[in-house]
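All residue numbers in the sequence shown are consecutive under my numbering, ending with 1063. By construction, the Cβ of each residue, glycine as well, lies at the ideal position given by its N, Cα and C atoms. For reference, the structure is listed below as structure tokens.
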Amino acid sequence: MLADHDYVVAQEAELEGTIRVFTPEIRKQTKARLEALAKSIAEVYGGTAEVEWKDFTSPLINDPAATAEAQKITASLLGEEKLIRQRRPELGGDDFAEYILRAPGAYAYVGSGNPEKPNTRPAHHNSCFDIDKDCLKVSVALSSCYAIEYLNGEV
């Protein structure tokens, strides 16, 4: 049987995690709150906490004008019924966020699921996922049309 003082506590502990936010302001608030929380919990137990942040990508915020242009081109190329306007934000992270901090842009999804090809239906990071390569033609067409209209001053 162990006495009260016969237990082992690690000298150090390291926690890792990810935060994803919708705006730079929320990121700043979240960092401050998590740092304060870590330090106060450590202090309660007689310890200290050090928080180290590594920001990999910024929140991805589409430019409204670029989004409207991309939607117009998509509807004209594929038909209005193929365009899905998503209104709720998502917490996906992508390096594209860094590009649209420097030049207006819009991040969009091109569906790759095909009911006739079952392995195209799982989420992209699923080990069973297999892309339907036909969707790449759609992506190239949309990107090409956008570039041509942009270069012609039409968007």
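- In the structure shown, Asn-1060 adopts coil according to DSSP, grouped into three states.
- In this structure, Leu-942 is the residue among Leu-942, Glu-1006, Thr-1028 with its C-alpha nearest to the C-alpha of Thr-926.
- With 16 or more other Cβ atoms from the protein chains shown falling within 10 Å of its own Cβ, Tyr-1054 counts as buried.
- Judged by beta-carbon spacing, Asp-1003 lies within the 9 angstroms limit of Thr-965, meaning their Cβ atoms are closer than that value.
- In this structure, Ser-1020 sits near His-1032, with a CB-CB distance shorter than 9 angstroms.
- Taking each of Asn-1027, Val-1018, Thr-938 in turn and checking the Cα distance to Lys-1045, the smallest one comes out for Val-1018.
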